[in-house]
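> Counting in the working numbering, the sequence shown runs from 933 upward without gaps.
All C-beta atoms, glycine included, are put in the ideal place defined by N, C-alpha and C.
Remember, it's a predicted structure, so these values are computed and weren't measured experimentally.
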Amino acid sequence: MFDVFTIGSAVRDIFARSNDVIYKKGSEFPAGEGACFSLDSKLTLDEVNFYVGGGAVNTATTFANQGFKVAPIMTVGNDPEGEYIKKVCAKAKLSLDFVSTDKNHSTSFSFIFSLPSGARTIFRYQGASWFLKPSTIPWSKLNAKWLYVNHLAGESHDILPRLLKTAKKSGMKIAWNPGSTQFERRQEVVPLLAYADVCIVNQEEAALLTGIPYTKQGAIFRKLDELVRGFVIMTKGPDGVEVSDGKMIWSAGILPMDKIVDRTGAGDAFGSGFIAALMRKPDDIEHAIQFASANATGVLTQWGAMNGLLKKRDELFKWGKLEIRKTSL
933 MFDVFTIGSA
943 VRDIFARSND
953 VIYKKGSEFP
963 AGEGACFSLD
973 SKLTLDEVNF
983 YVGGGAVNTA
993 TTFANQGFKV
1003 APIMTVGNDP
1013 EGEYIKKVCA
1023 KAKLSLDFVS
1033 TDKNHSTSFS
1043 FIFSLPSGAR
1053 TIFRYQGASW
1063 FLKPSTIPWS
1073 KLNAKWLYVN
1083 HLAGESHDIL
1093 PRLLKTAKKS
1103 GMKIAWNPGS
1113 TQFERRQEVV
1123 PLLAYADVCI
1133 VNQEEAALLT
1143 GIPYTKQGAI
1153 FRKLDELVRG
1163 FVIMTKGPDG
1173 VEVSDGKMIW
1183 SAGILPMDKI
1193 VDRTGAGDAF
1203 GSGFIAALMR
1213 KPDDIEHAIQ
1223 FASANATGVL
1233 TQWGAMNGLL
1243 KKRDELFKWG
1253 KLEIRKTSL
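#1: Of the residues D1129, L1096 and S1088, which one's Cα is nearest the Cα of T1113?
#2: What separation, rounded to the nearest whole angstrom, lies between the Cα atoms of P962 and T1053?
#3: Note down, one range per segment and in chain order, each beta strand (DSSP E) of at least 3 residues found wholly within the stretch 1146–1232.
#4: Locate the alpha helix (DSSP H) running through A888, then write down its first and last residues.
#5: When the distance is taken between beta carbons, is N1036 closer than 8 Å to W1235?
#6: Considering just the uninterrupted stretch of the beta strand (DSSP E) at N1134, what are its terminal residues?
#7: Note the first and the last residue of the continuous alpha helix (DSSP H) segment covering N997.
#8: Under 6 Å Cβ to Cβ from A1107, same chain only, skipping five residues before and after it: list those, please.
#9: Got a sec? Which residues, its chain only, sit under 6 Å from W1251 by beta carbon, not counting five neighbours each side?
#10: Can the beta-carbon of I1152 be found less than 8 Å from the beta-carbon of I1144?
#11: Do you know how far the Cα of K957 is from the Cα of L1026?
#12: Just how far apart, CA to CA, sit T1007 and V943?
#13: With a 10 Å radius around its C-beta and 16 neighbouring C-beta atoms as the bar for buried, classify R1161 as buried or exposed.
#14: Find the nearest neighbour of G1150 within the set S1260, V936, R1195 and F1045, judged by alpha-carbon distance.
#15: Return the chain-ordered list of same chain residues with a C-beta closer than 6 Å to the C-beta of A1184, the five sequence neighbours on each side being excluded.
#16: How is the beta strand (DSSP E) around S1046 delimited, first residue to last?
#17: Here's a check: name, in chain order, each residue in its chain whose Cβ is nearer than 8 Å to the Cβ of D935, leaving out the five neighbours to either side.
#18: Please determine, among K1155, D1194 and M933, the residue with the shortest C-alpha to C-alpha distance to D1177.
#19: DSSP beta-bridge partners for V953?
#20: N1082 and G987 - do their beta-carbons sit closer together than 8 Å?
#21: Roughly how many angstroms separate the alpha carbons of K1191 and G1169, rounded to a whole number?
#22: Hey, I1005 and T1098 are a contact pair by Cβ (cut 8 Å); roughly how many whole angstroms apart?
#23: What are the boundary residues of the alpha helix (DSSP H) that R1117 is part of?
#24: On a CA-only basis, which of M1189, D1157 and A1198 is nearest K1179? Give me that one, please.
Here it is in structure tokens:
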């Protein structure tokens, strides 16, 4: 029996940085700022790194690092990149029992381009991770203590209702970190939140789920606490995190850092870190917040979403100790 299943994407990541690209602000960019370069020119990449990522892989690595028996449920293409992902996962002590191969789609791929400032743009190829099918999942074997559900993109979203019902029927606890496909299909997703023992979203995502402006934090928590029967975790970027159990709110900032190398995978590291800590100490929310923050901070110090994650014997306070406040909702 496994301690935890993770489900989501498996992605081949390439990280690159260049000083030849110019940062520019302007209304022509949807986010108000962009990265510009000349057409018909050759640009120098000052740094290139090749890694493996994706929600299923990243979160599973946290659990494996903490000594838990974990199996990611994911699909890769029938190609060298898919084989490489499986090799990396096996080395990280992730079970390959629930990894399927899609013969019709190539392995999912991301090109993460960073400016010297740390700002980044991600180019992604959807690939096999968008086509995780019910027929590839051995439903009768889904038996573990926890199920960690990451973003199920594209057609993979369609397995959600059966997945959550099967997990709950099997007695699994469910942690759910929904993604963009889930927010696009909000009307389908909101009723399913009742299956979650822990729901993990950032502040903007919480606003999308509830339909409440993200500045009205108290109202958002009250609404989410109606929808989720367990804990709600709301991450707030540089402003830290808040966790609610429907009665109390735990609030914390972020751990100090000299330099952020890359932000990719930090959210996965926080969410999976929180659950890993909760699995060891179910009643200690402050410990879970501290552990999750340290796990995410470690990822920020290195390239690659599988790197920098806490190992079982690592010092919990290696990045410092958080001040955690507890107040009534």
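Here's the rundown:
#1: Here residue 1113 refers to the residue found at position 181 when the sequence shown is read from its first residue. Per the Cα distances, S1088.
#2: As a working mapping, residue 962 is identified with position 30 in the sequence shown. As a working mapping, residue 1053 is identified with position 121 in the sequence shown. Between P962 and T1053, the C-alpha separation is close to 13 Å.
#3: Listed in chain order, the complete beta strand (DSSP E) runs (minimum 3 residues) inside the stretch 1146–1232 are 1163–1167, 1173–1176 and 1180–1184.
#4: Coverage of the chain is limited to positions 933 through 1261, which leaves residue 888 absent and any answer about it impossible.
#5: Numbered from its first residue, the sequence shown carries residue 1235 at position 303. Numbered from its first residue, the sequence shown carries residue 1036 at position 104. No.
#6: As a position in the sequence shown, residue 1134 is number 202, starting the count at 1. Residues V1130 to N1134.
#7: By one-based count along the sequence shown, residue 997 stands at place 65. For N997, the enclosing alpha helix (DSSP H) starts and ends at G987 to N997.
#8: One-based indexing of the sequence shown puts residue 1107 at position 175. These residues qualify, in order along the chain: Y1080, V1130 and I1207.
#9: As a working note, residue 1251 is residue 319 in the sequence shown. By the criterion of a C-beta distance shorter than 6 Å, W1251 is surrounded in its chain by L1187, A1226 and T1229, once the five residues flanking it on both sides are discounted.
#10: Taking the sequence shown and counting its residues from 1, one reaches residue 1152 at position 220. Taking the sequence shown and counting its residues from 1, one reaches residue 1144 at position 212. With contacts defined by Cβ atoms closer than 8 Å, I1152 and I1144 form a contacting pair.
#11: The residue you call residue 1026 lines up with position 94 of the sequence shown. The residue you call residue 957 lines up with position 25 of the sequence shown. The alpha-carbon atoms of L1026 and K957 are separated by roughly 43 Å.
#12: Numbered from its first residue, the sequence shown carries residue 1007 at position 75. Numbered from its first residue, the sequence shown carries residue 943 at position 11. T1007 and V943 have their C-alpha atoms some 10 Å from each other.
#13: The residue labelled residue 1161 in the question sits at position 229 within the sequence shown. Exposed is the call here.
#14: Counting from one through the sequence shown, the residue named residue 1150 turns up at place 218. The shortest Cα separation from G1150 among S1260, V936, R1195 and F1045 belongs to S1260.
#15: Residue numbering aside, residue 1184 sits at position 252 when the sequence shown is read from its first letter. Hits under 6 Å: G1172, V1173, I1221, L1254 and I1256.
#16: Counted from its first residue, the sequence shown places residue 1046 at position 114. S1046 -> beta strand (DSSP E) spans S1040 to S1046.
#17: Taking the sequence shown and counting its residues from 1, one reaches residue 935 at position 3. So the qualifying residues of the chain are F995, F1000, K1001, V1002, A1076, K1077, W1078 and M1211.
#18: In the sequence shown, residue 1177 corresponds to position 245, counting from 1. Checking every option, the nearest Cα to that of D1177 belongs to K1155.
#19: Reading the sequence shown from its first residue, position 21 is the one you call residue 953. In DSSP, V953 forms no bridge with anything.
#20: The residue you call residue 987 lines up with position 55 of the sequence shown. The residue you call residue 1082 lines up with position 150 of the sequence shown. Contact flag set, yes.
#21: In the sequence shown, residue 1191 corresponds to position 259, counting from 1. In the sequence shown, residue 1169 corresponds to position 237, counting from 1. Here the alpha carbon of K1191 sits roughly 15 Å from the alpha carbon of G1169.
#22: In the sequence shown, counting from the first residue as 1, residue 1005 sits at position 73. In the sequence shown, counting from the first residue as 1, residue 1098 sits at position 166. No, I1005 and T1098 are not in contact; Cβ-Cβ is about 11 Å, not under 8 Å.
#23: Stepping through the sequence shown from its first residue, residue 1117 is reached at position 185. From DSSP, R1117 is part of no alpha helix (DSSP H); its letter is neither H nor E.
#24: By 1-based counting over the sequence shown, the position of residue 1179 is 247. Nearest of M1189, D1157 and A1198 to K1179, Cα basis: D1157.
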